[in-house]
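In what follows, a structure is listed as structure tokens, so that the remarks can point back to it.
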Amino acid sequence: MGRHVVCAVSELPPGERKIVEVEGRSIGVFNVKGSFYAVRNRCPHKGAPLCNGLVKGLVLGPEPYHYVIEREGEILKCPWHGWEFDLTNGRSIYNPHKIRVKSYDVTVEPADDEDLSIETYAVSIERELVVLHVN
Ligand code: FES
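The numbers in the working numbering rise by one with no breaks, and the one at position 11 of the sequence shown is 11.
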């Protein structure tokens, strides 16, 4: 359990993801329109690497032969069988009360007093870091 620096904020622009290995778990960290979310990289259906899936919007059909796409960039689609998950909370779109992927808190923190190792950051002038909190 703990706090793990993922990268500088500038290294993870909106619409991008970064998959990290933390405490024996593969976790995907996503930048969704400037907000950061993290989910386990293992689909609850059959164990696919969920975080390699397509990030898309929520397709709604308010009436026959019409559809609208809302919440663009907030929905993660499993690459194996297409189950969809809400990146903001890990809940399944189809069955949100029973099926969910583990989600984790992500914060953006100032880099000023961070101990950045030379192996990870050769030179850093970044002001903020993406930090994953695993519980
Ligand atoms: S393994 Fe993800 S939907 Fe089947």
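Glycine residues also receive a C-beta, built at the ideal position from the N, C-alpha and C atoms. Here the structure is a predicted model, which means the values were calculated and not measured.
**Report entry** Contact set for R3: own chain, Cβ-Cβ below 7 Å, skip 5 residues either direction
**Finding:** Within its own chain, the residues whose Cβ lies closer than 7 Å to the Cβ of R3, once the five positions on either side in sequence are excluded, are V131 and H133, listed in chain order.
**Report entry** Beta-carbon spacing of V5, L129 below 8 Å
**Finding:** Taking 8 Å as the cut-off, the Cβ atoms of V5 and L129 count as close.
Report task. Would you list the residues sitting across from D105 in a DSSP beta bridge? Result -> Answer is H133.
**Report entry** Three-state secondary structure assigned by DSSP to C51
**Finding:** Three-state result, C51: helix.
**Report entry** Contacts around V59, its chain only, beta-carbon distance under 6 Å, and the 5 residues preceding and following it disregarded
**Finding:** Hits under 6 Å: Y67 and I69.
Query raised in the report: Considering only the beta carbon of each residue, do P13 and N31 sit closer than 8 Å?
Result: Yes, the Cβ-Cβ distance between P13 and N31 is below 8 Å.
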